[in-house]
Amino acid sequence: MDGATAQEQLLDAAERLFYRDGIRAISVDAVVERAGVNKMSVYRQFSSKDDLVVAYLTRMDERFRERVEASIAKHPGDPAKGLVQSIADLVERASRPDYRGCPFVNVACEFADREHPARVSVARNKAYLIGRLLELSEGAGAANPQLLADSLALLVEGVYASSQTFGPGCGAMRSAPLTAEMLVRGACAGSKVEK
Numbered sequence: 005m006d007g008a009t010a011q012e013q014l015l016d017a018a019e020r021l022f023y024r025d026g027i028r029a030i031s032v033d034a035v036v037e038r039a040g041v042n043k044m045s046v047y048r049q050f051s052s053k054d055d056l057v058v059a060y061l062t063r064m065d066e067r068f069r070e071r072v073e074a075s076i077a078k079h080p081g082d083p084a085k086g087l088v089q090s091i092a093d094l095v096e097r098a099s100r101p102d103y104r105g106c107p108f109v110n111v112a113c114e115f116a117d118r119e120h121p122a123r124v125s126v127a128r129n130k131a132y133l134i135g136r137l138l139e140l141s142e143g144a145g146a147a148n149p150q151l152l153a154d155s156l157a158l159l160v161e162g163v164y165a166s167s168q169t170f171g172p173g174c175g176a177m178r179s180a181p182l183t184a185e186m187l188v189r190g191a192c193a194g195s196k197v198e199k
C-alpha cells in the first residue's frame, strides 16, 4: 500500500474513532486495527499520536470551513441572511443521531494544556469562526460587529452543547435560528433577515 493510501485510511479510522470515543480513550493500536494497516504505517506517516491528532483536527477544520462557507453562499451579497443560515444549517447537522458535538470542543475538554498541539488546533478553528462571524457582522451593518460576532459564537457553542446534553433535535437547539435572527435584526438597523 502506498503512503498516501495508508495515510487516508489512518485518518479515516482516526476520525471515526476519535470523534465517537475521544482521543485519550483511543490508542494508536485501535486506529491501526480499524485502518487495516500495519503499525509501521502510522509512524511512516505521523511521528507520534499527537501528529495524528493534529492531522485529524486539520481535516475536521477544513470540513468545518467548507460547511460554513456553503451556508453563507446560499445568500450571496446578504451577510445578515448568511449569518442566520449558518446557524440554521448547524442545527440541522447537529440534529443527526450520530452527531457527537463539535470535535474541537470535545478536544478542548480532553486537553487542559493550551500549549498542546491539539489545543492550538482548537484555537485556530475558533479564531476562524469568530473572524468569519465578525466579517459577516461588519458586512451586515451591525452597530457593534464584535458584539454580534461574539453573541453568535456563543449561540454556536450552545448548539454544540445542547445537542449532547438535551439530545438531537431538542427544542433548545431548534430555537437557535430564530435566536440568531433576533440577534442579527437587533444589531443591524435597516438590515432585512427573512425567515
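Mapping of the sequence shown onto this note's numbering: position 12 corresponds to residue 16, and the numbering continues sequentially without gaps. Positions of the beta carbon are idealized from the N, C-alpha and C atoms, including for glycine.
Residue i lies in the alpha helix (DSSP H); which residues open and close that run?
i, result
"A34", "V32 to A39"
"P181", "A180 to A191"
"S75", "K53 to A77"
"P80", "Run containing P80: none; DSSP gives neither H nor E here."
"G143", "P121 to G143"
Taking only beta-carbon positions, decide if residue i is within less than 8 Å of chain C.
i, result
"C106", "The structure shown has no chain C; it contains just one protein chain."
Is the CB-CB distance between residue i and residue j below 8 Å?
i, j, result
"V205", "L14", "Nothing can be reported for residue 205: it is not among the residues displayed for the chain, which extend from 5 to 199."
"A144", "P83", "yes"
"V72", "V163", "no"
"N110", "G173", "no"
"I91", "A180", "yes"
"L21", "R38", "yes"
"V36", "A10", "no"
"R69", "Y132", "yes"
Quick one: measure Cβ to Cβ for residue i and residue j, integer angstroms, because I've assumed they're closer than 8 Å.
i, j, result
"G86", "Q168", "Contact doesn't hold; Cβ gap of about 26 Å is too wide."
"L128", "D65", "For clarity, residue 128 is Arg in the given sequence; the question names Leu instead. Contact holds; Cβ gap of about 7 Å."
"Y60", "A34", "Going by Cβ atoms, the distance from Y60 to A34 rounds to 13 Å, so no, they are not a contact pair."
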